[in-house]
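Note that the sequence shown covers residues 1 to 484 in full-length UniProt numbering.
We put the beta carbon where it would ideally sit given N, CA and C, even for glycine.
Since we're looking at a predicted model, the values are computed, not measured.
Heads up, the thing below is written out as structure tokens.
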Amino acid sequence: MAASSIVSPLHTLLVDSFTSARYEKDHQIMSSLFQSSKRPSHWTRAKKLIPKHSKLQGVCGTLTIFGDNALSPFGSKTATRPNRLMNCDANCGKNADASVGSTEEEGKNSQTKQRKVVVTGLGVVSPIGHGPDVFYNNLLEGISGISAIEAFDCSQFPTRIGGEIKSFSADGLVSPKVSKRADKFMLYLLRAGKKALIDGGITEEVMGELDKKRCGVLIGSALGGMSVATEAIEALRVSYKKMHPFGIPFATSNMGSAILAIDLGWMGPNYSISTACATSNFCILNAAYHILRGDANRDGFVVGEGAGVLLLEELEHAKKRGAKIYAEFLGGSFTCNTDIYTEPHSDGTGIALCIEKALALSGVAREDVNYINAHAASTPIADLKEYQAITRCFGNNPNLRVNSTKSMIGHLLGASGAVEAVATVKAIQTGWVHPNINLENPDEGMDMNVLVGTKKERLDIKIALSNTFAFGGQNSSIVFAPYK
């Protein structure tokens with residue numbers, strides 16, 4: 001790829017951590033750029049290694065590369081906000097002002113030209129396979145990744161199953177020393193993040209053209225670092241001298257963002273988001289805004305682990321470098337319930353508001369939405385409220401199809417939204433939507449015709465919606481469409 005094609009690199013990576021039961025040896029050709037770099041001496045000072053982790057974990061986040069003329073928290077150049085995001089300051093949180101401006105070629109037309117964000121790279125590790133193709137093929141076949149937990153002794157607990165990663169390899173992307181010392185969620189995000197860059201065609205040559213001072217990393221986590229924190233507490237019970245020197249920094253949730261940026265050498269914006277189960281969508285939305293401104297007897301979800309990564313890129317830059325475009329990211333929304341922190345509004349108002357705002361900010365009509373990847377966490381109240389909100393927003397649409405990726409991989413908590421976004425994008429790309437499995441006793445009054453059955457289905461997706469709703473009432477919905 002010619003270096004001259006790099007005009008205003010604006011890539012955004014969404015990383016969500018938890019990995020997969022089956023190791024796929026995809027992308028065998030690795031440039032030296034993505035092989036783990038030699039770490040300075042401060043990585044080697046510890047005399048003892050952190051014990052093997054024994055908890056299911058996950059992390060999620062975003063990497064953002066700003067263009068030369070981007071208006072970032074560190075820049076001063078001005079840019080005109082896209083019209084459809086004029087209300088972002090009120091609706092989308094404090095990061096709405098971190099917008100991205102025009103390239104030099106587009107500067108004269110910045111008043112009228114709408115920037116677009118597309119997905120150009122995917123990385124995923126999950127309980128049903130690593131790599132976007134293996135992962136989605138197994139979803140289409142209805143393969144379940146839920147099995148007996150082996151990572152720790154859970155014989156005394158009522159729940160002894162989960163979406164566990166049975167086998168994991170960093171594929172040469174993480175140094176052996178870091179692999180032995182870091183928490184699992186860091187290893188998952190490092191592999192998934194770098195795989196997404198490789199999938200997106202960010203070669204050594206392309207990376208060399210990026211201004212690393214304007215390349216940022218945004219990593220969020222729901223429960224990242226729990227294993228290291230637990231081990232530190234147990235060591236402290238014996239003596240402070242037993243504590244690992246990396247115990248505190250590796251236990252903090254922001255370390256996922258830091259360690260990936262350090263490994264890539266990216267020096268731009270670096271921060272963390274934690275909104276429980278909605279963490280992934282919050283990361284995707286914030287990353288995109290940087291570019292744009294630029295069943296009835298269910299008794300709770302099954303926890304899983306894995307990682308999902310999306311490479312988001314400004315359209316014109318992607319076209320100039322000849323990138324493969326999976327889908328277009330149209331927008332999304334954040335809302336908050338003001339009711340019980342573990343349940344949505346009794347009438348689904350908060351969820352419905354989130355969906356309606358996502359559609360409005362994305363500039364799409366509700367009748368054009370014909371695929372929804374539901375949050376559907378298998379909790380008795382929340383599932384029904386989400387269904388009611390969908391019915392409230394879309395009415396009786398005979399063309400609408402709804403499925404739940406969690407039916408096969410479990411609930412990845414902070415990582416769930418990213419992995420489900422990968423599934424949504426693959427559905428758009430392949431024209432196939434995966435089945436719902438393990439649904440044996442639907443709620444009374446639920447229209448089963450809207451749900452995808454136990455076999456994959458062909459679907460020409462016009463507009464796709466992916467929902468994530470969190471403990472604490474933090475909701476997010478994001479919207480994708482085929483790139484045309």
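Supposed contact pair residue j and residue i - C-beta distance, whole angstroms, cut 8 Å
i, j, result
"T468", "S416", "6 Å"
"A235", "M243", "5 Å"
"K426", "Y136", "4 Å"
"Y188", "A307", "4 Å"
"residue 488", "M186", "As shown, the chain starts at 1 and ends at 484. That puts residue 488 outside it, with no answer to give."
"G304", "P482", "Contact flag wrong, Cβ pair sits at about 29 Å."
"S476", "L285", "7 Å"
"G473", "G300", "The pair is not a contact, with the Cβ atoms about 18 Å apart (cut-off 8 Å)."
"K319", "T120", "Their Cβ separation, rounded to whole angstroms, is 10 Å, which puts K319 and T120 out of contact at 8 Å."
"E313", "V118", "6 Å"
"G145", "M408", "6 Å"
"L384", "D447", "In fact, because the Cβ distance is near 12 Å, the residues do not count as touching under 8 Å."
"T454", "G142", "6 Å"
Per DSSP, the bridge partner or partners of residue i
i, result
"S147", "G162"
"E234", "Beta-bridge pairing links E234 to no other residue."
"H411", "V303"
"F371", "Phe is not the amino acid found at residue 371; the sequence shown has Tyr there. Answer by DSSP bridge pairing, in chain order: R401, A464."
"S155", "In DSSP, S155 forms no bridge with anything."
"A327", "V119"
"W432", "R458"
"C336", "Q474"
"V479", "G331, L465"
"L451", "V402"
"Y271", "L218"
"E316", "Paired residues: none, contrary to the question."
Residue closest to residue i, alpha-carbon to alpha-carbon, out of the options
i, options, result
"L439", "I478, P380, S175, D153", "P380"
"Q114", "L400, S362, I128", "S362"
"L292", "G331, S257, I351", "G331"
"L139", "I262, E420, K212", "E420"
"V302", "A251, G163, L315, L218", "G163"
"L315", "M186, F329, V309", "F329"
"E386", "E356, G410, L412", "E356"
"D347", "V364, I390, E305", "I390"
"N441", "N337, S378, L173", "S378"
"F250", "A182, E231, I428", "A182"
"K116", "G129, L264, S466, A327", "A327"
"H375", "T424, P398, V364, N397", "T424"
"S333", "A382, C283, G129", "C283"
"A382", "I409, V134, N337, A170", "N337"
"R321", "D263, G201, G142, L384", "G201"
"N373", "F152, H411, L465, T203", "L465"
"L459", "V238, Q429, H411", "Q429"
"G445", "K484, E204, Q388, G410", "Q388"
Proximal residues to residue i (C-beta, below 6 Å), its chain only, five neighbours per side dropped
i, result
"H42", "The predicted position of H42 is uncertain, since its pLDDT is 32 and thus under 50; a value taken from the coordinates is nonetheless stated next. Excluding sequence neighbours, H42 sits near nothing in its chain."
"K462", "D368, N370"
"N254", "S272"
"V452", "R401, N403, V433, P435, N436"
"A470", "T275, A276, C277, A278"
"L353", "T335"
"V450", "L400, V402"
"V422", "L122, V124, P132, G308"
"V364", "I463"
Chain-order list of residues whose beta-carbon lies under 7 Å from that of residue i (same chain, five-residue window excluded)
i, result
"R366", "L359, C393, F394"
"P40", "Here P40 scores only 36 on pLDDT, less than 50, and its place in the model should not be relied on; the value that follows carries that caveat. Cβ neighbours of P40 beyond the five flanking positions: none."
"residue 485", "The question about residue 485 has no answer, for the chain in this structure spans 1 to 484."
Other residues of its chain near residue i: CB distance less than 8 Å, five sequence neighbours each side excluded
i, result
"S274", "G220, S221, A222, S253, G414"
"E457", "R401, W432, V433, P435"
"E150", "E164, K166"
"A229", "G247, A251"
"A148", "R160, I161"
Count the CB pairs spanning the region 157-164 and the region 191-205 that are closer than 8 Å, and state whether there are at least three. no
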